[in-house]
Amino acid sequence: MSLVIARSFTVKKHPDEEASGYATPDIEKKTVISVTQQSTAISADEVLSDLHKKKQSWFQRSQPRDPDAIATQPSVYDDPDLVEEYKPRPDWEGIHRFDPAARWTWAEEDKIVRKLDLRIIIWACIMITALELDKSNIQQANADNFLADIRLSRDGGFTPTVILYLSYFYKHHELSIRLGYWYAASSLADMLAGLLAYGILHLGGHGGQAGWRWLFLIEGLLTLALGLLAIILLPPSATQTAHWARGKKGWFTAREETIMVNRLLREDPSKGSMHNRQPLTAKLVWMSIKDFDLWPLYIVGILFSAPYTTVSQYFTLQLKDYGFSTFNIILLSLPYSAIGIITRILLTYAGEIFGSLAWMGVLAQLWCLPFLIYMNVVDLSQTNKWIVWSILTLFLGFPNAHALQAGWVSRNSNSVRTRAIAAAIYNMSTQLSAIIASNIYQDWDAPRYVIGNRVLLSIVGVNMAIYMAIKAYYMLRNRQRDRKWNAMTEDQRVDYVATTRDEGNQRLDFRFAH
């Protein structure tokens with residue numbers, strides 16, 4: 000998300016800043032008209048933080064920064080005439096910590112982010128691991144005659160809720176990286192599911208029950224226990240951590256809460272537009288659904304993972320057809336999950352490093368291309384089983400762009416209302432992708448799946464075209480807004496900010512990430 004500044008002004012020092020000895024020179028702020036093509040971690044301004052001049056760590060293409068330097072990023076809150084226009088609503092949960100004049104150092108901000116990672120992200124990863132265990136055990140159960148036992152012929156609300164919840168604590172570029180780890184935890188769950196299934200399926204026959212029944216029971220109870228713990232261990236917001244289970248004084252000091260609230264609002268003032276207890280009315284839901292600027296991301300959500308999902312759903316069944324034993328199949332499913340964890344995280348980092356989200360989606364599809372070409376040219380049913388396993392394992396090590404795109408939807412929403420609904424719609428589109436993927440391979444096309452593999456190859460080509468079209472669309476939208484914004488005087492811009500009825504990503508001072 001990117002807001003452009005309406006006019007030039009001078010930033011005054013906060014009294015606490017002078018007492019602390021941290022120098023923030025009074026430099027005139029320049030009007031900034033910038034298209035969001037780079038990580039929102041780096042401001043295009045020079046007043047409060049010169050992070051864009053200082054290189055940081057290798058994955059952010061920068062050198063170490065001074066921990067004692069001011070970390071406060073320039074924002075619309077530095078203009079005293081605009082503070083009231085962007086001020087959070089009175090009943091917002093963090094309003095008592097809102098302070099446009101607050102200043103803090105990188106050492107303080109980094110300490111807070113580490114705390115959030117330890118207390119929020121790790122637990123979020125544990126939850127999705129438990130959720131994915133229940134989903135993955137279907138695949139493991141297939142290796143234990145699950146489908147035959149229940150006489151079948153052949154993947155809610157958790158994901159969008161967690162994405163919205165994490166946005167209460169992290170900046171946009173931080174959220175994308177954390178979502179990479181969060182979704183990687185689901186791949187880790189696939190590996191754990193294999194290891195657990197290897198042991199639990201040996202219970203087959205005990206109590207007169209099949210092994211897959213024991214698998215569902217034990218892993219389901221684990222998920223239930225973790226879900227109950229999450230209710231009391233996860234706080235509603237960064238300023239509401241005090242609780243008997245989390246400590247009477249909470250996790251953060253008043254100073255740390257002030258930093259957390261203001262660092263988020265400075266990057267995205269829309270995060271104060273709704274409080275965390277406010278329900279979404281039918282009207283608000285409809286307003287979010289008809290936000291056509293997010294439709295391109297929903298469209299790509301429908302197809303981007305279809306090739307991967309199709310092959311992964313049949314992976315254990317294909318290995319069984321090649322004569323691998325039940326327990327060998329479970330162990331042979333582990334490597335592609337491990338590869339997927341690495342490639343998913345690398346892709347997410349690359350998106351922030353190069354500031355190009357759409358091209359990362361194209362790169363992920365290019366990964367699939369050589370393997371699908373091989374599967375279309377070679378008859379796998381007549382190929383050595385270890386070659387087949389190697390090809391499928393590398394293919395399923397696919398650098399899934401799901402985390403990158405979930406963060407993309409979040410940063411292009413520019414309002415809590417849209418962010419909540421958009422995350423749900425995007426997640427629904429990925430579930431629709433699973434439905435499509437489940438119908439690409441047909442029994443009449445087995446065992447080579449000639450038609451199915453041609454369809455998968457075509458989908459990869461379509462996906463790459465969609466990603467490039469999305470990038471072109473958002474670039475065009477940003478240029479249209481730049482022309483309108485540049486044609487306005489400073490007074491007209493300030494008047495627009497004060498009087499506009501445009502909301503969320505429809506505002507002229509918002510720029511789309513691509």
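Residue numbers (numbering that gives the first Met the number 0): 0 to 513. Beta carbons are placed, not taken as given, at the ideal position from N, Cα and C, and that holds for glycine. Small disclaimer: the values here were computed from a predicted structure and weren't measured.
When you compare the CB positions of Leu130 and Ser185, do they come within less than 9 Å of one another, or not? yes
Would Thr315 pass as a contact of Ile328 if the rule is Cβ separation under 9 Å? yes
Ignore the nearest five residues each way along the sequence and tell me which others in Asp67's own chain have a CB closer than 6 Å to its CB. Thr104
So, is Leu191 buried or exposed, given that buried needs 16 or more other C-beta atoms within 10 angstroms? buried
Rounded C-beta distance between Tyr307 and Asn399? I'm assuming under 8 Å. 7 Å
Residues that DSSP places opposite Thr104 in a beta bridge: Ile69
So, at 8 Å on beta carbons, what are the nonlocal neighbours of Leu362 in its own chain, with the 5 sequence-adjacent residues on each side left out? Leu346, Ala349 and Pro398
Output the distance between the C-alpha atoms of Thr499 and Asp508, rounded to the nearest integer angstrom. 11 Å
Supposed close pair Leu174, Ser409 - CB separation, criterion 8 Å: 6 Å
Nearest to Tyr321 by CA position, among Pro334, Leu283, Ile386 and Val284, is which residue? Ile386
Can you have a look at Leu214 and say buried or exposed, based on whether 16 or more other CB atoms are within 10 angstroms of its CB? buried
For the alpha helix (DSSP H) containing Met259, list its first residue and its last residue. Ala253 to Glu266
Assumed close pair Ile420, Ile288 - CB separation to whole angstroms, cut-off 8 Å: 7 Å
Taking all protein chains shown into account, decide if His95 is buried (16 or more other Cβ within 10 angstroms of its Cβ) or exposed. exposed
With DSSP run on the structure shown, which of helix, strand or coil describes Gly246? strand
Using DSSP with H/G/I as helix, E/B as strand and the rest coil, what is Tyr425? helix
Quick check on the DSSP output: the alpha helix (DSSP H) that includes Leu391 runs from which residue to which? Lys384 to Leu395
For the region 422 to 432 and the region 290 to 304, state whether three or more C-beta atom pairs, one from each stretch, are separated by less than 8 Å. yes
According to the neighbour-count rule (16 or more other Cβ atoms, all chains shown, within 10 Å of its Cβ), is Leu227 buried or exposed? exposed
For the candidate residues Leu178, Asp78 and Ser166, whose alpha-carbon lies nearest to that of Leu124? Residue identity check: residue 124 is Cys in the sequence provided, not Leu. The option with the nearest alpha carbon to Cys124 is Leu178.
Quick check on Thr160: does DSSP put it in helix, strand or coil? helix
So, do the region 436 to 456 and the region 470 to 481 have three or more beta carbon pairs nearer to each other than 8 Å? no
If we count the other Cβ atoms within 10 Å of its Cβ and call it buried at 16 or more, is Ile424 buried or exposed? buried
Local conformation of Pro14 per DSSP, three classes: Unreliable placement is indicated for Pro14, whose pLDDT of 43 sits below 50; no coordinate value is reported for it.
Rounded to whole angstroms, how far is the Cβ of Phe370 from the Cβ of Leu393, which I believe are closer than 8 Å? 6 Å
Would you call Ile119 buried or exposed, if buried means 16 or more other Cβ atoms sit within 10 Å of its Cβ? buried
Measuring straight from C-alpha to C-alpha, what distance separates Arg492 and Arg265? 19 Å
Contact between the region 157 to 173 and the region 217 to 227: three or more CB pairs below 8 Å? no
Local conformation of Leu233 per DSSP, three classes: coil
Tell whether a beta-carbon distance below 9 Å holds between Ala512 and Leu330. no
Since I believe Ala422 is in contact with Ile162 (beta carbons under 8 Å), could you give me their beta-carbon distance rounded to a whole number of angstroms? 5 Å
Given that a residue counts as buried once 16 or more other Cβ atoms are within 10 Å of its Cβ, and exposed if not, what is Thr280? exposed
Distance between beta carbons of Gly503 and Asn413, contact taken as under 8 Å: 5 Å
Exposed or buried, Trp407, counting other C-beta atoms within 10 Å across all chains shown (16 or more means buried)? buried
Simplified DSSP assignment, three categories, for Leu81: coil
Which of the three DSSP states is assigned to Val310 in this structure? helix
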